[in-house]
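One structure below.
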Amino acid sequence: MRIGIACYPTYGGSGALATELGIELAARGHEIHFITYAQPFRLTSFHEGLFFHEVEVPHYPLFEYPPYSLALTVRMHEVARQHDLEIMHAHYAIPHAEAAWVAGQMLRKEGRNLKVVTTLHGTDITLVGQDPSFWSITRFSVEQSDGVTAVSEYLRQETHQAFQCDKLDIRVVPNFVDPEIYKPGRDDCHLRALAPHGEKIVMHISNFRKVKRVDDVVRIFAGIRQEVESRLVFVGDGPERASVTELASRLGVLEDIVFLGKLESVAGLLSCADLFLLPSEQESFGLVALEALASGVPVVGTGGSGLAEVVDHGVTGYLHPVGAVEAMAASSVQLLTDADLWSSFGRAARDAAVRRYSAALIVPMYERFYQEVLEGSSR
Numbered sequence: 108m109r110i111g112i113a114c115y116p117t118y119g120g121s122g123a124l125a126t127e128l129g130i131e132l133a134a135r136g137h138e139i140h141f142i143t144y145a146q147p148f149r150l151t152s153f154h155e156g157l158f159f160h161e162v163e164v165p166h167y168p169l170f171e172y173p174p175y176s177l178a179l180t181v182r183m184h185e186v187a188r189q190h191d192l193e194i195m196h197a198h199y200a201i202p203h204a205e206a207a208w209v210a211g212q213m214l215r216k217e218g219r220n221l222k223v224v225t226t227l228h229g230t231d232i233t234l235v236g237q238d239p240s241f242w243s244i245t246r247f248s249v250e251q252s253d254g255v256t257a258v259s260e261y262l263r264q265e266t267h268q269a270f271q272c273d274k275l276d277i278r279v280v281p282n283f284v285d286p287e288i289y290k291p292g293r294d295d296c297h298l299r300a301l302a303p304h305g306e307k308i309v310m311h312i313s314n315f316r317k318v319k320r321v322d323d324v325v326r327i328f329a330g331i332r333q334e335v336e337s338r339l340v341f342v343g344d345g346p347e348r349a350s351v352t353e354l355a356s357r358l359g360v361l362e363d364i365v366f367l368g369k370l371e372s373v374a375g376l377l378s379c380a381d382l383f384l385l386p387s388e389q390e391s392f393g394l395v396a397l398e399a400l401a402s403g404v405p406v407v408g409t410g411g412s413g414l415a416e417v418v419d420h421g422v423t424g425y426l427h428p429v430g431a432v433e434a435m436a437a438s439s440v441q442l443l444t445d446a447d448l449w450s451s452f453g454r455a456a457r458d459a460a461v462r463r464y465s466a467a468l469i470v471p472m473y474e475r476f477y478q479e480v481l482e483g484s485s486r
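Under our numbering, the first residue of the sequence shown carries the number 108, and numbering increases by one thereafter.
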């Protein structure tokens, strides 16, 4: 198949999943065209059958803000026409689904039939899509898609409720992980640099936005640090970074925290971790948690959202209510001080990730869904 993929190229779960999916599809013989404003951050090398088309946004004094959606639509139309694309896969509804629909309408005027598949990733529905400025266009573009997927059952239900569209067929296709890339093993994981005195390594990876509750990560770590010689490794950056630094200083744990900033690849780091923290307000899935599990690392986080579909409470990690910092710290200490328990959780984590979420299982689900869309049987 000839497939276009529109996504955000920056640090985050939707862009990571879209890029990994494109790479996997190209490896399976499909022709893949990424269409976005910058090279996706996980697209770091040449892959046969995979192409990148940059969206160039014009800057005119007349426009107070650059018209990215319009430029994206035009680029989608150009690429689809030039390469005879069959499917445009929009990852993250805003603005990709709307732009793909308009591009499809333009192509229909030319006698071409471009199918639009939209994958919902989370905040496009639960946060951004709920803004009154975007609600109606988000609902319209999702309903007009030829096929819609969501990364979790939680997000499927949230979409139906938030947009009052219970009859809309949304297929759950979960995120996936490559178990050959994310796997246990500390030989090449920079362990000495991160924990020079043999401390336990607690890790958090995110875009440092409020929904991630990064301050809670620091509070949990402060509780862990009272009981266990440990270091907290932060990967990523974002608007809450300054708040995190100030809180860590106030709690007296700043010297035990390592800030690594944004990294293109985290596989080699995750295998260093003894524990992964993800105390988010909500997670539609939690791709980075899955990557931690595949690396044999137990996860402590929040239940009540999509993360509960990834982490098995009491088996591969512990889940607590949002804001339950003391409970999360206690669960973390329990894992870090009981070697047998930690090993049991680590083995179960790896097994669950490979058995339920490996690329070899999930990518064919997308292929079958694409085929259904092309045959007109998905809706």
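Backbone N, C-alpha and C define an ideal beta-carbon position, used for all residues, glycine too.
This structure is a prediction, so every number in the text was calculated from the model and none was measured.
Check: Apart from the five residues on each side of it in sequence, which residues of its chain come closer than 6 Å, Cβ to Cβ, to glycine 120?
Finding: As a working mapping, residue 120 is identified with position 13 in the sequence shown. The residues are Leu394.
Margin query: Could you tell me which whole alpha helix (DSSP H) segments of length 4 or greater appear in the segment 108-187?
Written below: 120-134
Note to self: In whole angstroms, give me the CA-to-CA distance for serine 465 and glutamate 474.
What the structure shows: For the purposes of this step, residue 465 is taken as residue 358 along the sequence shown, with counting starting at 1. For the purposes of this step, residue 474 is taken as residue 367 along the sequence shown, with counting starting at 1. Looking at the two C-alpha atoms, the distance is approximately 15 Å.
Note to self: As an exercise, report each continuous alpha helix (DSSP H) stretch of at least 4 residues that is fully enclosed by the segment 324-396, in chain order.
What the structure shows: 348-358, 374-377
Check: Between histidine 166 and the rest of its own chain, which residues show a CB-CB distance below 7 Å, the 5 nearest in sequence each way excluded?
Finding: Start at 1 with the first residue of the sequence shown, and residue 166 comes out as number 59. Within the same chain, histidine 166 has close Cβ partners Pro173.
Next item on the list: Go ahead and pull the three-state DSSP assignment for isoleucine 277.
Entry: The residue you call residue 277 lines up with position 170 of the sequence shown. Coil.
Next item on the list: Give the C-beta separation of glycine 413 and aspartate 323 to the nearest angstrom, bearing in mind that I take them to be a contact with Cβ-Cβ under 8 Å.
Entry: Position 306 of the sequence shown, counted from the first residue, corresponds to residue 413. Position 216 of the sequence shown, counted from the first residue, corresponds to residue 323. Going by Cβ atoms, the distance from glycine 413 to aspartate 323 rounds to 18 Å, so no, they are not a contact pair.
Check: Tell me the DSSP bridge mates of leucine 426?
Finding: In the sequence shown, residue 426 corresponds to position 319, counting from 1. Paired residue(s): Gly408.
Item checked: Inter-residue spacing [alpha-carbon to alpha-carbon] between methionine 435 and alanine 269 -> Stepping through the sequence shown from its first residue, residue 435 is reached at position 328. Stepping through the sequence shown from its first residue, residue 269 is reached at position 162. Straight-line Cα distance between these residues: approximately 30 Å.
Margin query: Among Cys379, Phe153, Val280, whose alpha-carbon lies nearest the alpha-carbon of leucine 124?
Written below: As a working note, residue 124 is residue 17 in the sequence shown. Measuring from the Cα of leucine 124, the nearest candidate turns out to be Val280.
Notebook entry, point to check: What three-state label does DSSP hand lysine 222 in the structure shown?
Noted result: Working through the sequence shown from its first residue, we reach residue 222 at position 115. In this structure, lysine 222 counts as strand in the three-state DSSP scheme.
Check: Is the segment 135-151 in contact with the segment 224-240, if contact means three or more CB pairs nearer than 8 Å?
Finding: no
Next item on the list: Indicate whether aspartate 381 and isoleucine 331 have their beta-carbon atoms separated by less than 8 Å.
Entry: For the purposes of this step, residue 381 is taken as residue 274 along the sequence shown, with counting starting at 1. For the purposes of this step, residue 331 is taken as residue 224 along the sequence shown, with counting starting at 1. No. Outside cutoff.
Next item on the list: Could you check which residue in Tyr175, Pro291, Val235 has the C-alpha nearest to that of valine 404?
Entry: In the sequence shown, counting from the first residue as 1, residue 404 sits at position 297. Nearest C-alpha to valine 404: Pro291.
Note to self: Whether or not the segment 146-164 and the segment 125-134 are in contact is what I'm after, with contact meaning three or more pairs of Cβ atoms, one per stretch, closer than 8 Å; do they touch?
What the structure shows: yes
Notebook entry, point to check: Do you know how far the Cα of threonine 245 is from the Cα of leucine 397?
Noted result: As a position in the sequence shown, residue 397 is number 290, starting the count at 1. As a position in the sequence shown, residue 245 is number 138, starting the count at 1. About 28 Å.
Check: In chain order, what residues of the same chain lie with their CB nearer than 6 Å to the CB of valine 164, ignoring the 5 residues before and after it?
Finding: Numbered from 1 along the sequence shown, position 57 holds the residue referred to as residue 164. Here the set comprises Pro173, Tyr175, Ala178.
Notebook entry, point to check: Relative to the alpha-carbon of histidine 311, which residue among Gln264, Phe366, Glu265 has its alpha-carbon at the smallest distance?
Noted result: Counted from its first residue, the sequence shown places residue 311 at position 204. The residue with the shortest Cα to Cα distance from histidine 311 is Phe366.
Check: Would you call the CB atoms of tyrosine 289 and alanine 401 closer than 8 Å?
Finding: Position 182 of the sequence shown, counted from the start, is the residue given in the question as residue 289. Position 294 of the sequence shown, counted from the start, is the residue given in the question as residue 401. For tyrosine 289 and alanine 401, yes; Cβs fall inside 8 Å.
Next item on the list: Select from Gly122, Leu339, His184, Phe315 the residue whose C-alpha is nearest the C-alpha of methionine 213.
Entry: As a first step, residue 213 is located in the sequence shown; it is residue number 106 there, counting from the start. Of the listed residues, the one whose Cα sits closest to methionine 213 is His184.
Note to self: Between the alpha carbons of valine 422 and aspartate 458, how many angstroms are there, rounded?
What the structure shows: Along the sequence shown, read from residue 1 onward, the residue named residue 422 stands at position 315. Along the sequence shown, read from residue 1 onward, the residue named residue 458 stands at position 351. Those two C-alpha atoms are separated by around 11 Å.
Item checked: Residue interval of the beta strand (DSSP E) (run including glycine 254) -> Translated into positions along the sequence shown, residue 254 becomes position 147. Element bounds for glycine 254: 254-257.
Note to self: Between which two residues does the beta strand (DSSP E) holding alanine 197 run?
What the structure shows: Counting from 1 along the sequence shown, the entry for residue 197 is found at position 90. 194-198 is the extent of the beta strand (DSSP E) around alanine 197.
Next item on the list: Spell out a yes or no on whether the segment 196-206 and the segment 246-264 are touching, meaning 3 or more CB-CB pairs, one atom from each, closer than 8 Å.
Entry: yes
Checklist line | Cα-Cα separation between leucine 192 and isoleucine 110, rounded to whole angstroms | finding: In the sequence shown, counting from the first residue as 1, residue 192 sits at position 85. In the sequence shown, counting from the first residue as 1, residue 110 sits at position 3. Each residue's Cα considered, the two are about 6 Å apart.
Check: Whole beta strand (DSSP E) runs in the segment 411-482 with 3 or more residues, listed along the chain?
Finding: 424-427
Check: Tell me the DSSP bridge mates of leucine 227?
Finding: Against the sequence shown, residue 227 aligns to sequence position 120. Its beta-bridge partners are Ala257.
Next item on the list: Please report how far the alpha carbon of valine 432 lies from the alpha carbon of histidine 140, in whole angstroms.
Entry: Position 325 of the sequence shown holds residue 432. Position 33 of the sequence shown holds residue 140. Going from the Cα of valine 432 to the Cα of histidine 140 covers about 44 Å.
Notebook entry, point to check: Mapping DSSP to helix, strand and coil, what is isoleucine 232?
Noted result: What you label residue 232 is simply residue 125 of the sequence shown in a count that begins at 1. Reduced to three states, the DSSP call for isoleucine 232 is helix.
Margin query: For isoleucine 312, list the residues DSSP reports as bridge partners.
Written below: The residue given as residue 312 occupies position 205 in the sequence shown. The partner list for isoleucine 312 (beta bridge, DSSP) reads Val342.
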